[in-house]
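Numbering (the numbering used here), first residue to last: 93 to 484.
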């Protein structure tokens with residue numbers, strides 16, 4: 093078995109072996125010797141995996157040699173045809189419940205008749221769990237085919253970046269390519285770590301439908317600057333100018349202040365989700381559940397509320413007036429995505445054991461001038477946020 097090589101040497105070796113053996117061979121993930129197989133699909137195993145090795149201190153906030161470089165991610169995506177620009181996105185960051193929140197949002201969008209990609213991390217049993225379309229993870233065969241198809245390109249980028257392309261960066265890019273290939277109407281994307289420098293943070297105001305920030309804690313504290321304020325600032329990096337943001341009730345007052353300030357600075361439409369909530373204008377009440385369950389449900393439902401418009405009357409009807417052009421941008425998604433019936437929302441909330449009291453169909457008035465007591469612009473929220481935030 094070979095000893096480990098320097099990243100740049102690995103990059104060069106991987107590229108030479110993959111391009112020399114296109115379609116006829118694959119590369120052993122450790123010793124790089126060629127073995128007989130149908131295709132090269134082990135390129136991800138050659139990349140630095142920070143989930144296994146640990147994340148360098150300060151890498152999520154500081155500029156410098158150990159910083160996660162979004163320029164590297166943008167160059168990789170450009171080589172793949174910029175797939176992340178081909179669908180609107182709901183981007184989810186936070187420390188607690190962000191994966192379950194992303195899954196709930198994806199489910200309710202699918203119940204509204206949309207084809208939805210879902211990208212989450214980490215996985216439990218298989219890496220394929222992270223890349224999900226229409227409620228089903230990508231199959232092992234499809235994943236291997238996706239990796240093999242783009243292995244030479246990734247190896248070339250690895251060499252061009254001096255061996256600094258990471259496992260998470262390449263996996264994220266492949267997921268986005270898969271969503272574009274599957275022609276999803278929208279995607280729900282969970283950040284890996286932080287937000288500002290996270291590999292998923294490649295969207296801009298043209299296709300960010302809504303940003304979502306779940307409760308924050310001292311997760312990855314060394315990598316994200318060492319304080320709750322620096323963690324909040326990193327998570328706030330997914331906000332984009334003028335786009336809606338749903339912010340969960342925070343247990344740390346200073347975190348909330350940081351998030352509210354970031355939203356105000358960007359002119360975001362701010363929606364505050366509470367852990368005990370009755371939204372009479374949306375026709376439902378969440379009852380007698382743990383605060384964490386209520387909060388996830390509140391975040392999910394208010395995120396959907398922020399997207400506006402009626403649900404598709406017929407999910408099979410691609411010419412439905414309410415959904416026309418929904419995949420073109422984040423702005424058009426807000427015009428095309430509607431709510432789900434109460435039955436669908438009840439099924440969805442059951443994922444977190446939530447109860448919903450029937451009033452009327454959820455989101456039935458989207459896009460029709462219905463009131464939203466919880467929603468304000470960031471400027472409107474500014475004067476109240478400091479008084480309502482307590483010091484942690």
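Just so you know, even glycine gets a beta-carbon here, dropped at the ideal spot from N, CA and C.
Item: Touching by the beta-carbon criterion (3+ pairs, under 8 Å), the stretch 269-276 and the stretch 287-303; Value: no
Item: Inter-residue Cα distance where the pair is residue 177 and residue 352; Value: 27 Å
Item: Same chain, Cβ closer than 8 Å to residue 214, five either side skipped, listed in chain order; Value: 143, 222
Item: Per DSSP, cross-strand counterpart(s) of residue 365; Value: 340
Item: CB of residue 188 within 8 Å of CB of residue 336, strictly; Value: no
Item: Limits of the unbroken alpha helix (DSSP H) element including residue 247; Value: 243-252
Item: Buried versus exposed call for residue 173 [16 or more other C-beta atoms within 10 Å across all chains shown]; Value: exposed
Item: First and last residue of the uninterrupted alpha helix (DSSP H) at residue 272; Value: 259-273
Item: Three-state secondary structure (DSSP) of residue 289; Value: coil
Item: Inter-residue CB distance, residue 186 and residue 327 (contact presumed, cutoff 8 Å); Value: 6 Å
Item: Within 8 Å, strictly: CB atoms of residue 261 and residue 165; Value: yes
Item: First and last residue of the uninterrupted alpha helix (DSSP H) at residue 224; Value: Careful: residue 224 lies outside any alpha helix (DSSP H), inside the beta strand (DSSP E) at 223-225.
Item: Candidates 245, 344, 246, 208, of which the one nearest residue 229 by Cα; Value: 208
Item: Whole-number beta carbon distance between residue 325 and residue 350, since they are thought to touch under 8 Å; Value: 6 Å
Item: Neighbour-count burial assignment, residue 169, 16 or more Cβ in a 10 Å radius; Value: buried
Item: Sheet register partners of residue 323 (DSSP bridge); Value: Looking at the DSSP assignment, residue 323 forms no beta bridge with any residue, so it has no partner.
Item: DSSP bridge partner residues for residue 210 (one or two, in chain order); Value: 224, 280
Item: Burial state of residue 141, where buried means 16 or more other Cβ atoms lie within 10 Å; Value: exposed
Item: Reduced DSSP secondary structure (H/G/I, E/B, other) of residue 237; Value: helix
Item: C-alpha distance - residue 257 paired with residue 249, whole-angstrom precision; Value: 8 Å
Item: Assigned secondary structure, residue 200 (DSSP; H/G/I helix, E/B strand, else coil); Value: helix
Item: Length of the line joining the Cα atoms of residue 252 and residue 362; Value: 40 Å
Item: DSSP-derived helix/strand/coil call for residue 135; Value: helix
Item: First and last residue of the uninterrupted alpha helix (DSSP H) at residue 162; Value: 162-171
Item: Buried or exposed (CB count within 10 angstroms, at least 16 for buried), residue 226; Value: exposed
Item: Buried versus exposed, by CB contacts within 10 Å (16 or more), residue 136; Value: buried
Item: Beta-carbon gap between residue 329 and residue 288 smaller than 8 Å; Value: yes
Item: Residue from 357, 356, 365, 138 whose Cα sits closest to the Cα of residue 243; Value: 138
Item: Under the three-state DSSP convention, the category residue 307 falls into; Value: coil
Item: Segment limits, alpha helix (DSSP H) that includes residue 328; Value: First-last for residue 328: undefined, no H or E at that position.
Item: N- and C-terminal bounds of the beta strand (DSSP E) containing residue 347; Value: Where residue 347 is concerned, there is no enclosing beta strand (DSSP E), although the alpha helix (DSSP H) it sits in stretches over 345-358.
Item: Inter-residue Cα distance where the pair is residue 180 and residue 303; Value: 11 Å
Item: Residues that residue 184 bridges to, as DSSP identifies them; Value: 282, 304
Item: Close beta carbons around residue 279, own chain, < 6 Å, minus the five adjacent residues each side; Value: 179, 181, 209, 271
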